[in-house]
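Structure, as C-alpha coordinates:
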Amino acid sequence: MLSIIVLLFLVVPITIFLHECGHIIIAKLMKLDGLEIVIGSGPSLLLFFVIGIKVQINMVYFVGGYSTNTSVQEIKEWQKGLISLGGPLLNLFLAIVFFMLFNMNHMVDELLVLFNVWVGIVNLIPYKLMKKESDGYVFVKSMYHELKAANTK
(Lines of atoms letter the chains of each structure in order from A and count residues from 1; the text may use other names and numbers.)
(Lines give C-alpha, C1' and ligand atoms only; values in the text may rest on other atoms or scores of the structure.)
Protein backbone atom coordinates (compact mmCIF):
# COMPACT_ATOMS: atom_id res chain seq x y z
CA MET A 1 0.00 0.00 0.00
CA LEU A 2 2.79 2.40 0.90
CA SER A 3 4.51 1.74 -2.43
CA ILE A 4 1.34 2.73 -4.32
CA ILE A 5 1.07 5.97 -2.34
CA VAL A 6 4.76 6.78 -2.90
CA LEU A 7 4.46 5.98 -6.61
CA LEU A 8 1.29 8.01 -7.13
CA PHE A 9 2.06 11.10 -5.07
CA LEU A 10 5.85 11.35 -5.36
CA VAL A 11 7.42 9.29 -8.16
CA VAL A 12 4.77 9.91 -10.86
CA PRO A 13 4.75 13.73 -10.55
CA ILE A 14 8.56 13.91 -10.36
CA THR A 15 8.89 11.70 -13.44
CA ILE A 16 6.26 13.68 -15.35
CA PHE A 17 8.03 16.93 -14.47
CA LEU A 18 11.40 15.54 -15.60
CA HIS A 19 9.81 14.27 -18.82
CA GLU A 20 8.38 17.69 -19.63
CA CYS A 21 11.73 19.29 -18.76
CA GLY A 22 13.27 17.11 -21.48
CA HIS A 23 10.95 18.68 -24.05
CA ILE A 24 11.63 22.16 -22.68
CA ILE A 25 15.43 21.72 -22.75
CA ILE A 26 15.33 20.98 -26.49
CA ALA A 27 12.87 23.83 -27.13
CA LYS A 28 15.12 26.19 -25.13
CA LEU A 29 18.16 25.09 -27.18
CA MET A 30 16.13 25.99 -30.29
CA LYS A 31 15.50 29.42 -28.77
CA LEU A 32 11.71 29.08 -28.66
CA ASP A 33 9.80 31.62 -26.58
CA GLY A 34 7.01 31.39 -24.04
CA LEU A 35 7.93 27.97 -22.72
CA GLU A 36 5.54 26.45 -20.20
CA ILE A 37 5.24 23.25 -18.19
CA VAL A 38 1.89 22.21 -16.72
CA ILE A 39 1.73 19.31 -14.28
CA GLY A 40 -1.61 17.71 -13.44
CA SER A 41 -5.14 18.90 -13.97
CA GLY A 42 -7.76 20.89 -12.09
CA PRO A 43 -7.30 24.26 -10.41
CA SER A 44 -3.81 25.72 -10.19
CA LEU A 45 -2.00 25.12 -6.88
CA LEU A 46 1.31 26.74 -7.67
CA LEU A 47 2.60 29.01 -10.42
CA PHE A 48 6.20 30.16 -10.74
CA PHE A 49 8.91 30.98 -13.28
CA VAL A 50 12.34 29.36 -13.56
CA ILE A 51 14.83 30.82 -16.07
CA GLY A 52 11.93 32.32 -18.00
CA ILE A 53 9.92 29.09 -18.09
CA LYS A 54 6.42 29.18 -16.63
CA VAL A 55 5.72 26.19 -14.37
CA GLN A 56 2.18 25.46 -13.22
CA ILE A 57 1.36 22.71 -10.73
CA ASN A 58 -2.33 21.83 -10.61
CA MET A 59 -4.37 20.28 -7.81
CA VAL A 60 -4.45 16.76 -9.28
CA TYR A 61 -0.68 16.89 -9.83
CA PHE A 62 -0.18 13.15 -10.27
CA VAL A 63 -2.28 12.88 -13.46
CA GLY A 64 -0.29 13.78 -16.56
CA GLY A 65 1.29 16.95 -17.76
CA TYR A 66 2.35 18.77 -20.87
CA SER A 67 4.76 21.39 -22.13
CA THR A 68 4.05 24.05 -24.69
CA ASN A 69 5.29 27.32 -26.08
CA THR A 70 3.83 30.57 -27.36
CA SER A 71 6.62 31.24 -29.82
CA VAL A 72 5.59 33.28 -32.85
CA GLN A 73 8.40 31.87 -34.95
CA GLU A 74 7.64 28.95 -37.23
CA ILE A 75 8.65 25.61 -35.77
CA LYS A 76 9.96 23.32 -38.48
CA GLU A 77 8.91 19.68 -38.60
CA TRP A 78 12.40 18.41 -37.72
CA GLN A 79 12.36 20.71 -34.68
CA LYS A 80 9.00 19.30 -33.55
CA GLY A 81 10.46 15.82 -33.94
CA LEU A 82 13.53 16.58 -31.84
CA ILE A 83 11.47 18.32 -29.16
CA SER A 84 9.21 15.27 -28.95
CA LEU A 85 12.22 13.01 -28.30
CA GLY A 86 13.54 15.22 -25.49
CA GLY A 87 11.10 13.95 -22.85
CA PRO A 88 11.50 10.19 -23.23
CA LEU A 89 15.26 10.40 -23.82
CA LEU A 90 15.71 12.44 -20.63
CA ASN A 91 13.65 9.86 -18.70
CA LEU A 92 15.87 7.03 -19.96
CA PHE A 93 19.07 8.99 -19.32
CA LEU A 94 17.98 9.88 -15.79
CA ALA A 95 16.95 6.29 -15.08
CA ILE A 96 20.56 5.27 -15.81
CA VAL A 97 21.93 8.14 -13.69
CA PHE A 98 19.58 7.33 -10.79
CA PHE A 99 20.50 3.65 -11.02
CA MET A 100 24.21 4.50 -10.77
CA LEU A 101 23.77 7.08 -7.98
CA PHE A 102 21.29 5.35 -5.70
CA ASN A 103 22.06 2.18 -3.78
CA MET A 104 18.64 0.79 -4.76
CA ASN A 105 17.96 -0.27 -1.17
CA HIS A 106 14.93 1.98 -0.90
CA MET A 107 11.56 1.59 -2.52
CA VAL A 108 11.57 5.21 -3.76
CA ASP A 109 14.90 4.67 -5.55
CA GLU A 110 13.63 1.56 -7.29
CA LEU A 111 10.30 3.11 -8.24
CA LEU A 112 11.99 6.24 -9.60
CA VAL A 113 14.34 4.23 -11.81
CA LEU A 114 11.68 1.80 -13.03
CA PHE A 115 9.01 4.42 -13.68
CA ASN A 116 11.46 6.61 -15.62
CA VAL A 117 12.40 3.60 -17.77
CA TRP A 118 8.72 2.80 -18.32
CA VAL A 119 7.77 6.39 -19.23
CA GLY A 120 10.77 6.69 -21.55
CA ILE A 121 10.07 3.47 -23.43
CA VAL A 122 6.29 3.84 -23.65
CA ASN A 123 6.61 7.40 -24.97
CA LEU A 124 9.10 6.38 -27.67
CA ILE A 125 6.63 3.87 -29.12
CA PRO A 126 4.66 5.52 -31.96
CA TYR A 127 0.95 5.28 -31.14
CA LYS A 128 -2.15 7.42 -31.26
CA LEU A 129 -5.10 6.89 -28.91
CA MET A 130 -8.06 9.03 -29.91
CA LYS A 131 -6.46 12.49 -30.20
CA LYS A 132 -3.46 11.76 -27.94
CA GLU A 133 -0.22 11.21 -29.86
CA SER A 134 2.80 9.66 -28.17
CA ASP A 135 6.16 11.40 -28.46
CA GLY A 136 7.29 8.59 -30.76
CA TYR A 137 4.26 9.19 -32.98
CA VAL A 138 4.99 12.94 -33.11
CA PHE A 139 8.60 12.18 -34.05
CA VAL A 140 7.67 9.75 -36.85
CA LYS A 141 4.95 12.09 -38.16
CA SER A 142 7.32 15.07 -38.11
CA MET A 143 10.07 13.18 -39.91
CA TYR A 144 7.55 11.94 -42.50
CA HIS A 145 6.41 15.53 -43.19
CA GLU A 146 10.02 16.75 -43.28
CA LEU A 147 11.03 14.06 -45.81
CA LYS A 148 7.90 14.63 -47.87
CA ALA A 149 8.63 18.38 -48.03
CA ALA A 150 12.27 17.71 -48.98
CA ASN A 151 11.21 15.40 -51.83
CA THR A 152 8.81 17.98 -53.31
CA LYS A 153 11.55 20.61 -53.69
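Take the sequence shown: its position 22, counting from 1, is numbered 22 in full-length UniProt numbering, and each next residue is one higher. The beta carbon of each residue, even a glycine, is placed where N, CA and C say it ideally should be.
{"query": "Close beta carbons around residue 154, own chain, < 6 Å, minus the five adjacent residues each side", "result": "Nothing can be reported for residue 154: it is not among the residues displayed for the chain, which extend from 1 to 153."}
{"query": "Range of the contiguous alpha helix (DSSP H) that encloses phenylalanine 102", "result": "Neither: phenylalanine 102 is in no alpha helix (DSSP H) and is coded neither H nor E."}
{"query": "Three or more C-beta pairs below 8 Å linking the stretch 62 to 71 and the stretch 92 to 109", "result": "no"}
{"query": "Leucine 45 to valine 55 span [Cα, whole Å]", "result": "11 Å"}
{"query": "Same chain, Cβ closer than 7 Å to glycine 42, neighbours up to 5 away in sequence not counted", "result": "Asn58, Met59, Val60"}
{"query": "Assigned exposure category for valine 97 - 16 Cβ within 10 Å defines buried", "result": "exposed"}
{"query": "Reduced DSSP category for leucine 35 - H, G, I as helix; E, B as strand; rest coil", "result": "coil"}
{"query": "Straight-line Cα distance separating leucine 111 from tryptophan 78", "result": "33 Å"}
{"query": "Classification of valine 72 by the beta-carbon crowding that lies within 10 angstroms, buried from 16 upward", "result": "exposed"}
{"query": "With 16 other Cβ atoms within 10 Å as the buried cut-off, status of glycine 87", "result": "buried"}
{"query": "Valine 6, enclosing alpha helix (DSSP H) - first and last residue", "result": "2 to 6"}
{"query": "Pick from Leu85, Asn116, Glu36, Asn103 that is closest to isoleucine 14, judged by C-alpha positions", "result": "Asn116"}
{"query": "Cβ pair asparagine 19, valine 119 closer than 8 Å", "result": "Reading off the sequence, residue 19 comes out as histidine, not asparagine. Cβ distance < 8 Å, so histidine 19 and valine 119 count as in contact."}
{"query": "Backbone CA spacing between phenylalanine 102 and leucine 129 [nearest angstrom]", "result": "35 Å"}
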